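Undergrad: Sharing a structure, written as structure tokens. Questions coming.
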Amino acid sequence: MPRVLCVWFPKWPIQRLRSARPELDRSEVVLFAGQNQRPLITVCSPKAERLGLRTGQPLAEAKTLLPKAVFLPADGVADRSALCQLALDCQRFSPLVGLDEGAHPESLLCEVTGCTHLWDGEEQFLQALRSYWCSRGYHIHVALSSSIGAAWALAHTSTKSLVPAGDEELALSSLSVAALRLLPEALERLEALGLWTIGEVLRIPREALASRFGVMLPQRLDQALGLLPETFVCERLLEPLTTLREWEVPIDDRFALGLVCRQMLGELLSMAERHGMGLQELEGELRTETGHVTIEIRLVEPTRDERHLAQLAEIGRAHV
140 MPRVLCVWFP KWPIQRLRSA RPELDRSEVV LFAGQNQRPL ITVCSPKAER LGLRTGQPLA
200 EAKTLLPKAV FLPADGVADR SALCQLALDC QRFSPLVGLD EGAHPESLLC EVTGCTHLWD
260 GEEQFLQALR SYWCSRGYHI HVALSSSIGA AWALAHTSTK SLVPAGDEEL ALSSLSVAAL
320 RLLPEALERL EALGLWTIGE VLRIPREALA SRFGVMLPQR LDQALGLLPE TFVCERLLEP
380 LTTLREWEVP IDDRFALGLV CRQMLGELLS MAERHGMGLQ ELEGELRTET GHVTIEIRLV
440 EPTRDERHLA QLAEIGRAHV
């Protein structure tokens with residue numbers, strides 16, 4: 140059974156700005172974007188919301204209500220780029236990390252099957268992950284489940300959720316239908332019919348749901364319950380970790396060659412450790428005067444076990 144983690148950074152654009160500009164921590168931050176020549180509020184800090192500001196409000200009106208707030212233009216490109224960098228940082232917990240779908244993502248999705256035992260279990264894994272992000276000044280919600288849909292829904296409704304495999308329906312039943320990642324039109328129709336929770340929707344035959352709402356609602360339900368597979372695109376380092384050795388005179392001693400390869404492997408592992416990662420794919424190329432040979436290693440899980448990798452590389456060289 141797969142295990143999926145969702146890490147939600149509420150009001151991510153504001154969190155990003157405050158991380159880059161610590162002086163904004165004591166200010167109420169409000170972001171806006173132009174729409175038909177009329178700037179509108181796109182996101183605002185929680186205190187600003189409590190004081191009457193809201194998404195979609197005209198900028199001029201917001202400035203009148205809260206003149207001491209810091210008003211800044213929204214930058215969706217910078218928001219996405221910074222979240223992609225966090226996805227790479229999160230690879231210290233899983234090699235497979237990506238962004239949630241949508242034009243303005245605020246969450247990381249992680250395939251953590253086979254990873255949590257390294258922290259002595261899922262509860263300890265979540266504690267370590269929360270401690271890591273909180274130590275960096277981020278406010279997060281986390282959820283671990285057996286489907287992307289359930290993990291996303293639970294992360295967006297509670298601070299921390301851990302759902303045992305097979306208990307998704309029970310965990311989701313009391314949640315609002317808004318947690319199903321539906322379009323606004325579908326949510327309005329559900330609410331017009333008095334269907335406010337996922338449990339209420341689950342009691343309706345799927346045939347009736349399809350006839351009234353099309354394929355999207357049944358699809359989202361099946362994805363959340365783990366009955367329908369769902370994938371996400373993983374972020375990868377823009378440039379692989381590399382190291383190089385060159386000699387004016389070719390090496391013809393096998394022992395010396397093995398020693399050099401071991402030194403280069405140690406350098407790669409040091410780089411990986413600085414990124415908080417391990418090696419899962421390793422490719423080496425030996426170039427000679429008559430051509431070149433390639434050694435490739437593919438692992439099921441990432442590792443920083445130098446002895447194990449050196450043994451695999453030695454086997455690869457033996458078969459070249």
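If you read the sequence shown in the working numbering, its first letter stands for residue 140, the second for the next number, and so on.
Note that CB positions come from ideal geometry on N, CA and C, so glycine has one too.
A quick note: this is a predicted structure, and the numbers were derived from the prediction, not measured.
Let me make sure I understand the geometry here. Which of S409, T429 and D259 has the alpha-carbon closest to that of D444?
TA: Here residue 444 is taken as the residue at index 305 of the sequence shown, counted from 1. The option with the nearest alpha carbon to D444 is S409.
Undergrad: Where do the ends of the alpha helix (DSSP H) carrying V182 lie?
TA: Within the sequence shown, the letter at position 43 stands for residue 182. Run containing V182: none in the alpha helix (DSSP H); it sits in the beta strand (DSSP E), L179 to C183.
Undergrad: Along the chain, which unbroken stretches of the beta strand (DSSP E) at least 3 residues long are found entirely within the segment 190-269?
TA: Whole beta strand (DSSP E) segments, 3+ residues: 209-212, 235-238 and 246-250.
Undergrad: With a 10 Å radius around its C-beta and 16 neighbouring C-beta atoms as the bar for buried, classify G480 as buried or exposed.
TA: Coverage of the chain is limited to positions 140 through 459, which leaves residue 480 absent and any answer about it impossible.
Undergrad: Specify whether the segment 304-311 and the segment 355-371 touch according to this definition: at least 3 beta carbon pairs, one from each stretch, less than 8 angstroms apart.
TA: Because the criterion of three Cβ pairs below 8 angstroms is met, the segment 304-311 and the segment 355-371 touch.
Undergrad: How would you write the range of the beta strand (DSSP E) that A282 sits in, first residue to last?
TA: Position 143 of the sequence shown, counting from 1, holds the residue named residue 282. Start and end: H280 to S284.
Undergrad: Going by other Cβ atoms of all chains shown within 10 Å of its Cβ, with 16 needed for buried, is V459 buried or exposed?
TA: Looking up residue 459 in the sequence shown gives position 320. Model confidence at V459 stands at a pLDDT of 49, short of 50, so the residue's coordinates are unreliable; what they give is reported in the following sentence. By the 10 Å Cβ count, V459 comes out exposed.
Undergrad: Can you name the start and end residues of the beta strand (DSSP E) that Q419 belongs to?
TA: Here residue 419 refers to the residue found at position 280 of the sequence shown. Here the beta strand (DSSP E) through Q419 covers L418 to T427.
Undergrad: Can you name the residues that DSSP bridges to H431?
TA: Along the sequence shown, read from residue 1 onward, the residue named residue 431 stands at position 292. In DSSP, H431 forms a bridge with R426.
Undergrad: Whole angstroms is fine: what's the gap from E369's alpha carbon to L238's?
TA: For the purposes of this step, residue 369 is taken as the residue at position 230 of the sequence shown. For the purposes of this step, residue 238 is taken as the residue at position 99 of the sequence shown. Their backbone Cα atoms lie some 13 angstroms apart in a straight line.
Undergrad: Is S315 near G338, with beta carbons less than 7 angstroms apart?
TA: Residue 315 sits at position 176 when you count from the first residue of the sequence shown. Residue 338 sits at position 199 when you count from the first residue of the sequence shown. In this structure, G338 does not lie closer than 7 angstroms to S315 by Cβ.
Undergrad: Across the segment 223-243 and the segment 199-208, are there enough close Cβ pairs to call them in contact, namely three or more that are closer than 8 angstroms?
TA: Output reads no: the segment 199-208 does not touch the segment 223-243.
Undergrad: Report the residue from K299, M355 and L198 whose alpha carbon sits nearest the alpha carbon of P323.
TA: Along the sequence shown, read from residue 1 onward, the residue named residue 323 stands at position 184. Answer by Cα proximity: M355.
Undergrad: Out of curiosity, what's the CA-to-CA distance linking G191 and W147?
TA: If you number the sequence shown from 1, residue 191 lands on position 52. If you number the sequence shown from 1, residue 147 lands on position 8. Between G191 and W147, the C-alpha separation is close to 24 angstroms.
Undergrad: Between I153, P389, E435 and P244, which lies nearest to T429 when the distance is taken from Cα to Cα?
TA: Reading the sequence shown from its first residue, position 290 is the one you call residue 429. Selected option, being the one with the closest Cα: P389.
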